[in-house]
Structure formats: structure tokens, C-alpha cells
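Peer 1:
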Amino acid sequence: MGRNSIYILLLLTGLFPACEEDETFFEGPFHVRFTEEIIQELESNTAVIPVSVHLVGPQRGENIRISYSISGDAREGVDYEIVGDRGIVVIPRNESFGFIDVKLINNSNNILEKHNIVFNLESVKPTDLDIGFGSGVKAGKEMTFTIIDDCILGGSYTGTHEINDPPVEGIRISSTDCIKYRLENWDISIFSFPDVRDLFFTDNGDNTLNIPEQDEETLPTEFATIRGNGVVNPVTREITFNIELMDIEGSPVVTLKYIPE
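Per the numbering used here, the sequence shown starts with residue 50, numbered consecutively.
(1) When you compare only the Cα positions, how much space is there between Asn156 and Asp134?
(2) Scan the region 77-104 and note each continuous beta strand (DSSP E) run of 3 residues or more that stays entirely inside, going in chain order.
(3) Where does Pro301 land, buried or exposed, given buried means 16+ other C-beta within 10 angstroms?
(4) Which runs of the beta strand (DSSP E) spanning at least 3 residues fall entirely within the region 185-240, listed in chain order?
(5) Sort out for me which residues DSSP pairs Arg114 with in a bridge.
(6) If you compare alpha carbons, which of Gly106, Gly254, Thr285 is closest to Leu178?
(7) Applying the 10 Å Cβ sphere with the 16-neighbour rule, what's the burial state of Ala123?
(8) Since I believe Phe272 is in contact with Asp296 (beta carbons under 8 Å), could you give me their beta-carbon distance rounded to a whole number of angstroms?
(9) Note down, in chain order, each residue of its chain lying with its Cβ closer than 6 Å to the Cβ of Thr149, except the 5 sequence neighbours on either side.
(10) For the beta strand (DSSP E) holding Asp296, just list the boundary residues, first then last.
(11) Between the region 199-209 and the region 222-231, are three or more C-beta pairs nearer than 8 Å?
(12) Could you check the C-alpha separation between Asp244 and Thr267 for me, to the nearest Å?
(13) Quick one: grab the DSSP three-state call for Phe242.
(14) I'd like the span of the beta strand (DSSP E) that includes Phe148, first residue to last.
(15) Between which two residues does the beta strand (DSSP E) harbouring Val284 extend?
(16) With a CB to CB cut of under 7 Å and the five nearest residues on each side skipped, what residues in its chain are close to Glu171?
(17) Can you name the start and end residues of the beta strand (DSSP E) that Thr270 belongs to?
(18) Enumerate in chain order the residues of its own chain whose CB-to-CB distance from Glu90 is below 8 Å, with the five nearest sequence positions on each side excluded.
(19) Is the beta carbon of Val173 less than 8 Å from the beta carbon of Val81?
(20) Looking at the strands, I want to know which residues DSSP matches up with Gly279.
(21) Hey, Ile308 and Thr176 are a contact pair by Cβ (cut 8 Å); roughly how many whole angstroms apart?
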């Protein structure tokens with residue numbers, strides 16, 4: 050479209066007022082439903098994970114109590130636990146959301162599988178509210194929480210260096226085969242210019258670890274090469290790494306510890 054055509058179009062737009070759009074309000078049936086129908090989480094996630102149930106309709110001046118059932122192949126007490134009142138979720142008065150709190154149990158054994166928790170909304174009070182929306186299999190009445198198995202060393206860690214250095218929380222270790230791992234940040238107050246510095250290591254299968262020679266891309270080339278080894282406490286899963294800074298004079302070795310969160 051040429052500039053003149055655009056100019057004429059703008060003039061015409063100014064001459065004719067825009068049509069007012071009718072606001073559309075949802076008039077029912079008012080109901081409760083799961084906010085999400087699918088959730089996936091690694092079993093090494095240590096946080097309490099909220100499964101949201103919400104009210105579709107005006108807020109109420111009374112608590113809304115919803116009962117739910119649980120099925121699926123995930124094992125309660127082995128793979129997960131429900132925090133709080135099992136089987137009941139409450140949307141507090143004058144609010145729109147209630148939550149089923151799920152705590153995962155990390156029972157990793159290097160067998161990578163998936164297990165499902167299936168939640169079904171069964172009944173609701175006040176009884177004038179519906180459960181899910183639509184006829185037949187109602188949308189939002191059921192949700193599936195998939196627990197993804199993690200490797201033994203996978204998960205979130207707190208890293209420490211020396212006694213006086215502040216610990217660094219939320220460091221992830223991940224793997225796709227439970228042999229080769231990626232540590233997302235190994236530099237715990239070692240260098241004066243902070244950065245996120247990852248490294249790769251191998252689980253030898255006997256509570257020892259190997260850090261093959263590798264170049265740290267965030268460091269200047271004159272001291273970028275590292276290598277090392279480590280050990281795992283089989284009871285606490287605490288990891289200790291000895292990292293050799295190969296390009297620095299004297300090849301100093303720094304000892305770092307990673308504590309599971």
C-alpha cells in the first residue's frame with residue numbers, strides 16, 4: 050500500500066467513529082476447575098508445588114470446599130505426599146483460587162521413568178456451583194501431574210567454598226543418562242569477577258567423580274583450563290570437588306562442596 054493510500058485510510062478512519070464493541074460477560078454456569086490440566090516436574094524439585102483450582106464466576110462470601118480423588122501409578126508416600134488436608138481443597142471466601150500442595154519425594158535410582166498423579170474433582174459446596182465446564186467429560190475436572198524421574202546426582206544444591214564465603218543456593222546438576230552430568234555453576238567465590246561457570250563431570254559408579262580437562266569459556270584463555278575429581282557421600286549425597294586450575298602458576302587446586310537442598 051502506498052503512502053497516499055495509507056494517508057487516505059487514516060483520514061477515513063478519523064471521519065467515521067469506531068463501532069463500540071459490546072462487552073461480553075460470562076454468565077455461567079459458574080463452576081470450579083483445575084487451572085492447568087497438565088503439570089510435569091522432576092522428582093528432585095524440593096519445593097512444594099501448588100496445583101491450582103479456581104472459581105470461574107464471581108467471588109463468594111463463603112469458603113468453597115471441593116473434594117477430589119487421586120489415582121494414577123505414582124505412589125503416595127513413596128513418590129510424593131500431599132501437604133495439608135488430603136482430598137479437600139478450599140477456595141477461601143472473597144478469593145478465586147485454592148491449591149493442592151504436592152511435595153515430591155526424591156527416590157532417584159538412575160532408572161529414568163515417569164509416574165502420574167491423576168486428580169479428579171468430585172464434589173463442591175456450595176452445591177449451586179458446577180464442576181468443570183461443558184457436557185460429557187467436562188474440561189478442567191481432571192488434571193495429570195507427571196513426576197519425571199531424575200538421576201541420583203541430579204537436583205538443586207547449595208555450593209560452598211571456604212568458611213567465610215557466602216554459600217550459593219539453587220545450583221542445578223542435571224543429566225540425561227545418569228553418567229555424564231552438567232554442573233551449572235562451579236565458581237563459588239574463586240574469581241574476583243563473578244559469573245556463572247558450568248562444568249561437565251562423569252559419575253564413575255563407585256562414589257567417585259571425574260572432571261575431564263575442559264576450557265571455561267567465561268575465563269581469559271591464559272587461565273581457562275580446568276580438570277579435577279570428586280567424591281560423593283552415598284548417605285547425604287553431598288559432593289566434594291577438587292578442581293585444578295591448570296593454567297595458573299602452580300596449578301592450584303580448589304575444593305568445593307555441594308550440599309543437596
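A virtual CB, placed ideally from N, CA and C, is assigned to each residue, including glycine.
Peer 2: Reading it off the structure:
(1) 24 Å
(2) 80-83, 87-91
(3) exposed
(4) 191-197, 204-209, 217-224, 229-232
(5) Val139, Lys174
(6) Gly106
(7) buried
(8) 4 Å
(9) The question names Thr, but residue 149 in the sequence shown is Ile. So the qualifying residues of the chain are Val100, Val138.
(10) Per DSSP, Asp296 belongs to no beta strand (DSSP E) and is neither H nor E.
(11) yes
(12) 7 Å
(13) coil
(14) 146-153
(15) Element bounds for Val284: n/a, residue is neither H nor E.
(16) Ser116, Tyr117, Ser118
(17) Run containing Thr270: none; DSSP gives neither H nor E here.
(18) Ile98, Leu153, Phe194, Thr195, Ile196, Ile197
(19) yes
(20) Leu258, Phe290
(21) That pair is no contact at about 50 Å.
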